[in-house]
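J.: Be aware that the sequence shown starts at 103, since it is given in our numbering, and climbs by one per residue. For each residue, glycine too, the CB sits at the ideal point set by N, CA and C. Just so it is clear, the structure is predicted and the values come from calculations on it, not from any experiment.
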Amino acid sequence: MGMDRFTRAANIDGKQFATELLERIKSDVEVLKIETGVVPGLAVVLVGDDPASAVYVASKHRQTIAAGMKSFEYRLAAETTQDELLALLDRLNADPEVHGILVQLPLPAHLDPNAVVQAINPDKDVDGFHVLNAGCLATGNPALVPCTPLGCMMLLKDTLGENLSGLHAVIVGKSNIVGKPMAQMLMNAHCTVTVVHSQTRNPAELCRAADILVVAAGRPGLVRGDWIKPGAVVVDVGINRIEGDGKSTIIGDVAYGEAGHARAITPVPGGVGPMTIACLLSNTLTAFRRRHTLAAAA
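Below you can see the structure in the form of structure tokens.
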């Protein structure tokens, strides 16, 4: 990549990128409303009273409205049964005004999150968690993909250009939400991909070989400066709350202060985090377009 000439990492401004993406989405929604007479609709389901989940749901509602979309909120009691939740999803699957469905996780312990996710129509699965979407992604077919890796991919292409072919990407973490779909997306972009996880025997050595390093391990400061190749592009997905000295601090999975020799790095906060809701609305717009293009073709 000819990266060794870089001596100080540039910040990848996810907050600014997300703001610009939301503006583009808003403009597209206005155009589609004129063309079709319809606007995209996003339904968000919250079960129980988890405070962090409530904050996320409120933020999603505000941003959905700001983008000119319809927002449908369903706040259900913690005692809601599996059958009641599945019945609601059946109604939303059949509702023509709803183009995207998201069930906020985690769910109360008595509910089966996998059964709930698989009950969502994959064409409306804007979280990208349904097995059909995962399978389409794995086989290189059009899919709704998880929002966080989608945001990471957008930031990488904005930093490195659209053509990532031949670059060595190392993913730290193999979760279904970030690590696995991120690896698939990078392979689909013709990168050479290595996945590092808790059982990997030589993680530092493998990370040092990366042109692109995406870290989603959920372990604060796991990746040290000497794990990073000079000139690499680092995407830190980690959001870890550290308590100390009477205050709370948010840090990533990468030792940010030791990464000055990277070409570019996402800060925490302000990097990947703001992209998640923007990509949720991007997925909702994608789902809307696919549905209405098919309807028009029919």
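Rounding to the nearest angstrom, what Cα-Cα distance links V147 and A312 in this structure?
T.: Cα to Cα, V147 sits roughly 39 Å from A312.
J.: Please look up how many angstroms separate the CB atoms of A389 and H201, rounded, as I've assumed it's under 8 Å.
T.: At roughly 5 Å, the Cβ-Cβ gap stays under 8 Å, so A389 and H201 are in contact.
J.: Would you mind reading off the limits of the alpha helix (DSSP H) that contains V295?
T.: It is not in any alpha helix (DSSP H) - V295 instead sits in the beta strand (DSSP E) that spans 294–298.
J.: Relative to the C-alpha of A160, which candidate in L246, Q206, R193 has its C-alpha closest?
T.: Ranking L246, Q206, R193 by Cα distance to A160 puts Q206 first.
J.: Is D313 helix, strand or coil by DSSP?
T.: Coil, per DSSP.
J.: Could you give the distance in angstroms between the alpha-carbon of V336 and the alpha-carbon of L324?
T.: Spanning the two alpha carbons is a distance of roughly 13 Å.
J.: If you drop the 5 nearest sequence neighbours on each side, which residues of the same chain put their C-beta closer than 6 Å to that of H299?
T.: Only K276 meet the Cβ criterion.
J.: Please go through the same chain and pick out, in chain order, the residues whose beta-carbon is closer than 8 Å to the beta-carbon of M105, but skip the five residues on each side of it.
T.: Reliability of the predicted coordinates at M105 is poor, the pLDDT of 44 falling under 50, and the value obtained from them is presented with this limitation in mind. Same-chain partners within the cutoff: D313, K331, P332, G333, A334, R365.
J.: By how many angstroms is the C-alpha of T121 removed from the C-alpha of E181?
T.: Taking the straight line from one Cα to the other gives about 37 Å.
J.: DSSP beta-bridge partners for K172?
T.: Paired residues: G143.
J.: Rounded to whole angstroms, what is the Cα-Cα separation between V272 and V280?
T.: Distance between the alpha carbons of V272 and V280: 13 Å.
J.: Restricting to runs no shorter than 3 residues, where is the beta strand (DSSP E) found entirely within the segment 342–394?
T.: 342–346, 349–353, all fully within the segment 342–394.
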